[in-house]
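S.K.:
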Amino acid sequence: MRTAAFPTFRKLWARIDHDQNMLWRQSLPAGSYQLRIQYNYRTHFDSYTAGKYVYISNTSWLGGKNVFLGYAYITVGTICFILWLSFLILVKKYGQKPKDIVDIGKKTKYMFTKPKPVDSGDESTQPLNANNPTIMSKNEKQEPLWQDRDVRFDVPLNELKFRSGERIVEYFTKVEDTKGNSGEEGKMTITNLRMIWQSKVKPRINLSIGLGCVSSLTNRTIHTKLRGKHEALYIMTKVNGTRYEFIFTQLEAEVGVQFGMVELISKICRAYSSTKLFRDLKLRSAIITSNGKQLKVLQSETIYNKINGVWNLSSDQGNLGTMHLTNVRVVWHANMNELFNISLPYIQINNIKVRESKFGVALVIESTEGSGGYVLGFRIDPPERMNSVYSELCNLFAIHASKPDLGVETYLEGGSGLAFNDIDANSAVITSIESDHKEIDEHNAAHQSDAIAAYLADEAQPKNSDVVYCPQLGLAIEKIKDGFTLESLWHVIPQG
Numbered sequence: 001m002r003t004a005a006f007p008t009f010r011k012l013w014a015r016i017d018h019d020q021n022m023l024w025r026q027s028l029p030a031g032s033y034q035l036r037i038q039y040n041y042r043t044h045f046d047s048y049t050a051g052k053y054v055y056i057s058n059t060s061w062l063g064g065k066n067v068f069l070g071y072a073y074i075t076v077g078t079i080c081f082i083l084w085l086s087f088l089i090l091v092k093k094y095g096q097k098p099k100d101i102v103d104i105g106k107k108t109k110y111m112f113t114k115p116k117p118v119d120s121g122d123e124s125t126q127p128l129n130a131n132n133p134t135i136m137s138k139n140e141k142q143e144p145l146w147q148d149r150d151v152r153f154d155v156p157l158n159e160l161k162f163r164s165g166e167r168i169v170e171y172f173t174k175v176e177d178t179k180g181n182s183g184e185e186g187k188m189t190i191t192n193l194r195m196i197w198q199s200k201v202k203p204r205i206n207l208s209i210g211l212g213c214v215s216s217l218t219n220r221t222i223h224t225k226l227r228g229k230h231e232a233l234y235i236m237t238k239v240n241g242t243r244y245e246f247i248f249t250q251l252e253a254e255v256g257v258q259f260g261m262v263e264l265i266s267k268i269c270r271a272y273s274s275t276k277l278f279r280d281l282k283l284r285s286a287i288i289t290s291n292g293k294q295l296k297v298l299q300s301e302t303i304y305n306k307i308n309g310v311w312n313l314s315s316d317q318g319n320l321g322t323m324h325l326t327n328v329r330v331v332w333h334a335n336m337n338e339l340f341n342i343s344l345p346y347i348q349i350n351n352i353k354v355r356e357s358k359f360g361v362a363l364v365i366e367s368t369e370g371s372g373g374y375v376l377g378f379r380i381d382p383p384e385r386m387n388s389v390y391s392e393l394c395n396l397f398a399i400h401a402s403k404p405d406l407g408v409e410t411y412l413e414g415g416s417g418l419a420f421n422d423i424d425a426n427s428a429v430i431t432s433i434e435s436d437h438k439e440i441d442e443h444n445a446a447h448q449s450d451a452i453a454a455y456l457a458d459e460a461q462p463k464n465s466d467v468v469y470c471p472q473l474g475l476a477i478e479k480i481k482d483g484f485t486l487e488s489l490w491h492v493i494p495q496g
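According to this note's numbering, numbering within the sequence shown proceeds without interruption in unit steps and concludes at 496.
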């Protein structure tokens, strides 16, 4: 279709306005006009006969008339053509897709070679110096560790699946949840992080009890209408100040709970409590020997590198100390005061990077939100040495992330289970009868469910103790709690 040239547009619009009454009678679309060009009406390009005509619309998108709308159409079309032609030239020159060309300007401001993954076999990085504002980062996506420090009810299947490093220690096929699901037969699985009970008939009914939430563990005699009088496993837990009580009964040939089950679960809880340094961040703890200033090595732990002259940038002046890189954690302690230290397991590390700070280029380690979200900065001189430490730390971090060592299984395999190394004097030791538990700051709220009310421990209401006759003493005494004997009460006060 051919159109009139630019210099004659005014004449065209004048002719349209002059013949408006005739054009309305031709039933043209609203806002459009038919332009007939006579023989004596010449343009810059050509002349048209009386039989040729074109449609020109002078109605904008908003409904108003615009005599310069034709100029706008041609201008927009020209700009689009120029942009399209420019992209074709850039694609041919750089050999990239148009969406990648936009990022070229962003990439030029990074003056380093990003470290490749560990499995690529190439860990070469540009040496760091004060004039190079390099930012190198190593971020392994790890699942947040919640299994051992939370109690959840009726969780979905994806939360029942074992996380990386979680392993089965023992399982029992016929166990009843007497407290909340009386009469329901289920399977109880004990892992190195938690206890899982799941109904066989309705798998959606389940429990996930973290070992870090257990405050007491014992066996008691109970009486139910369905089972009568039998032994049951009592587990008391505490999460965010709320106490929950769980009662489990084995449905074997002889209904009740065997002492071996109580002893086994107690042994696992004790192993978990003794291996907290494998999983928890510790500040100012007794991890360094007082005489030789050596790191107290955990069972199955191997020290790969000891780095002297590492500055901790937590204060304005910095603290000179020593860093230890092992297969399960990174440890730093001050040379002047061994109690000023930090033990950070790899499972609690969120990110490792090198970035600029007010002290110069620093090695920065960020912990997960569950461990407090700490940002730890270290400086190692010279820069080439820091680059080497960064690469080694990234390698150890990636290896541990692929197969975490949580410590519990190692302690169970390393001894009889009756005695464990005293790694953390502040941690609790759960016995087969009763336990003391050191409360830790929980960051995850308990899962809300209607089943929670069935497990709440009723401690607010006062209970009147029964008075019974004791034939050993020949006196009437208060009834001894289940799980205790008269002889055990005499051992409350140490002898001698």
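Beta carbons are placed, not taken as given, at the ideal position from N, Cα and C, and that holds for glycine. Fair warning: this is a prediction, and the values are worked out from it, not measured in the lab.
Where does Arg163 land, buried or exposed, given buried means 16+ other C-beta within 10 angstroms?
M.R.: Locating residue 163 in the sequence shown gives position 163, counting from the first residue. The residue is buried, with at least 16 neighbouring Cβ atoms inside 10 Å.
S.K.: What residue from Gly183, Met195 and Ile196 has the CA that sits closest to Gly228's CA?
M.R.: Here the question's residue 228 lines up with position 228 in the sequence shown. It is Gly183.
S.K.: Grab the span of the beta strand (DSSP E) containing Ser357 for me, first residue to last.
M.R.: Here residue 357 is taken as the residue at index 357 of the sequence shown, counted from 1. Counting along the chain, the beta strand (DSSP E) containing Ser357 begins and ends at Ile349 to Ser357.
S.K.: In this structure, how does DSSP classify Asn192 when only helix, strand and coil are distinguished?
M.R.: Counting from 1 along the sequence shown, the entry for residue 192 is found at position 192. Correct three-state label for Asn192: coil.
S.K.: Beta-carbon separation of Leu295 and Leu277 under 7 angstroms?
M.R.: Working through the sequence shown from its first residue, we reach residue 295 at position 295. Working through the sequence shown from its first residue, we reach residue 277 at position 277. Going by C-beta atoms, Leu295 is not nearer than 7 angstroms to Leu277.
S.K.: Output needed for Leu497: all residues of its chain with C-beta closer than 8 angstroms, excluding positions within five of it in sequence on either side, in chain order.
M.R.: For residue 497 there is no data in the structure shown, the boundaries of the chain being 1 and 496.
S.K.: In angstroms, rounded to a whole number, what distance separates the CA positions of His223 and Leu344?
M.R.: As a first step, residue 223 is located in the sequence shown; it is residue number 223 there, counting from the start. As a first step, residue 344 is located in the sequence shown; it is residue number 344 there, counting from the start. Taking the straight line from one Cα to the other gives about 47 angstroms.
S.K.: In angstroms, rounded to a whole number, what distance separates the CA positions of Lys179 and Tyr234?
M.R.: One-based indexing of the sequence shown puts residue 179 at position 179. One-based indexing of the sequence shown puts residue 234 at position 234. Lys179 and Tyr234 have their C-alpha atoms some 10 angstroms from each other.
S.K.: Given Asn181, which residues of its chain have a CB within under 7 angstroms of its CB, disregarding the five upstream and five downstream residues?
M.R.: Here residue 181 corresponds to residue number 181 of the sequence shown, with the count starting at 1. The answer, listed in chain order, is Ser199 and Ile205.
S.K.: Contact defined as beta carbons within less than 8 angstroms: I believe Gly377 pairs with Val364. What is the distance between those atoms, to the nearest angstrom?
M.R.: Position 377 of the sequence shown, counted from the first residue, corresponds to residue 377. Position 364 of the sequence shown, counted from the first residue, corresponds to residue 364. For Gly377 against Val364, the beta-carbon gap comes to about 5 angstroms, under 8 angstroms, which counts as contact.
S.K.: When you compare the segment 239-247 with the segment 259-267, are there three or more beta-carbon pairs, one atom per stretch, that lie closer than 8 angstroms?
M.R.: In the pairwise beta carbon analysis, the segment 239-247 is classified as not touching the segment 259-267: fewer than three pairs are separated by under 8 angstroms.
S.K.: Out of His324, Gln317, Asn312 and Cys269, which has the shortest C-alpha to C-alpha gap to Ile287?
M.R.: Stepping through the sequence shown from its first residue, residue 287 is reached at position 287. The residue with the shortest Cα to Cα distance from Ile287 is His324.
S.K.: Please tell me whether Leu406 and Gly165 are closer than 7 angstroms, where the distance is taken between their beta carbons.
M.R.: Taking the first residue of the sequence shown as position 1, residue 406 is located at position 406. Taking the first residue of the sequence shown as position 1, residue 165 is located at position 165. Taking 7 angstroms as the Cβ cut-off, Leu406 and Gly165 qualify as a contacting pair.
S.K.: Quick one, are the C-beta atoms of Asp280 and Gly210 less than 7 angstroms apart?
M.R.: For the purposes of this step, residue 280 is identified with residue 280 of the sequence shown, where counting begins at 1. For the purposes of this step, residue 210 is identified with residue 210 of the sequence shown, where counting begins at 1. In this structure, Gly210 does not lie closer than 7 angstroms to Asp280 by Cβ.
S.K.: If we call anything under 7 angstroms between Cβ atoms a contact, is Met497 one with Phe172?
M.R.: Residue 497 is absent from the structure shown; the chain starts at 1 and stops at 496.
S.K.: If I follow the unbroken alpha helix (DSSP H) through Met386, where does it start and stop?
M.R.: Position 386 of the sequence shown, counted from the start, is the residue given in the question as residue 386. From DSSP, the alpha helix (DSSP H) with Met386 extends over Pro383 to Ser402.
S.K.: Which of the three DSSP states is assigned to Arg270 in this structure?
M.R.: The residue you call residue 270 lines up with position 270 of the sequence shown. Helix.
S.K.: My understanding is that Glu478 touches Arg167, with C-beta atoms under 8 angstroms, so please give their C-beta distance in whole angstroms.
M.R.: The sequence position of residue 478 within the sequence shown is 478, counting from 1. The sequence position of residue 167 within the sequence shown is 167, counting from 1. Going by Cβ atoms, the distance from Glu478 to Arg167 rounds to 44 angstroms, so no, they are not a contact pair.
S.K.: Straight-line CA distance for Ser208 to Val239?
M.R.: Taking the first residue of the sequence shown as position 1, residue 208 is located at position 208. Taking the first residue of the sequence shown as position 1, residue 239 is located at position 239. Each residue's Cα considered, the two are about 13 angstroms apart.
S.K.: Which residue marks the beginning of the beta strand (DSSP E) containing Asn158, and which one marks its end?
M.R.: Walking along the sequence shown from the start, residue 158 turns up at place 158. Per DSSP, Asn158 belongs to no beta strand (DSSP E); it is in the alpha helix (DSSP H), Leu157 to Leu160.
S.K.: Does DSSP classify Val151 as helix, strand or coil?
M.R.: Sequence index remark: in the sequence shown, residue 151 carries index 151 (1-based). Strand.
S.K.: With a Cβ-Cβ cutoff of 7 angstroms, do Thr275 and Tyr469 count as a contact?
M.R.: Taking the first residue of the sequence shown as 1, we reach residue 275 at position 275. Taking the first residue of the sequence shown as 1, we reach residue 469 at position 469. No, they are not a contact pair.
S.K.: Contact defined as beta carbons within less than 8 angstroms: I believe Phe359 pairs with Gly318. What is the distance between those atoms, to the nearest angstrom?
M.R.: Residue 359 sits at position 359 when you count from the first residue of the sequence shown. Residue 318 sits at position 318 when you count from the first residue of the sequence shown. Sure, about 7 angstroms apart at Cβ, within 8 angstroms.
S.K.: Assuming contact is defined by CB atoms lying nearer than 7 angstroms, are Ala232 and Thr249 in contact in what I supplied?
M.R.: Walking along the sequence shown from the start, residue 232 turns up at place 232. Walking along the sequence shown from the start, residue 249 turns up at place 249. Yes, Cβ-Cβ distance for Ala232 and Thr249 is below 7 angstroms.
S.K.: Quick one: what's got a C-beta closer than 6 angstroms to Gly372's C-beta in the same chain, skipping five residues either side?
M.R.: Here residue 372 refers to the residue found at position 372 when the sequence shown is read from its first residue. Contacts found: none.
S.K.: Need the endpoints of the beta strand (DSSP E) that Ala362 sits in, please.
M.R.: As a working note, residue 362 is residue 362 in the sequence shown. Secondary structure note for Ala362: its beta strand (DSSP E) is the uninterrupted segment Gly360 to Ser367.
S.K.: Please check the pair Glu170 and Ile190, which I expect to be a contact at CB under 8 angstroms, by giving their CB distance rounded to whole angstroms.
M.R.: Within the sequence shown, residue 170 is the residue found at index 170, counting from 1. Within the sequence shown, residue 190 is the residue found at index 190, counting from 1. That belief holds up - the Cβ atoms of Glu170 and Ile190 are roughly 5 angstroms apart, short of 8 angstroms.
S.K.: Expressed to the nearest angstrom, what Euclidean distance is found between the alpha-carbon atoms of Tyr73 and Leu83?
M.R.: Position 73 of the sequence shown, counting from 1, holds the residue named residue 73. Position 83 of the sequence shown, counting from 1, holds the residue named residue 83. Whole-angstrom Cα-Cα distance: 16 angstroms.
S.K.: Going along the chain, which residues of its own chain have a beta-carbon closer than 6 angstroms to the beta-carbon of Ile342, five neighbours each way excluded?
M.R.: For the purposes of this step, residue 342 is taken as residue 342 along the sequence shown, with counting starting at 1. Result list for Ile342: Leu283 and Trp332, in chain order.
S.K.: Given Gly321, which residues of its chain have a CB within under 7 angstroms of its CB, disregarding the five upstream and five downstream residues?
M.R.: Working through the sequence shown from its first residue, we reach residue 321 at position 321. Hits under 7 angstroms: Val310, Asn312, Trp332, His333, Ala334 and Asn335.
S.K.: Determine the direct distance from the alpha carbon of Ile347 to that of Leu475, and round the result to whole angstroms.
M.R.: Within the sequence shown, residue 475 is the residue found at index 475, counting from 1. Within the sequence shown, residue 347 is the residue found at index 347, counting from 1. C-alpha separation (whole angstroms): 57 angstroms.
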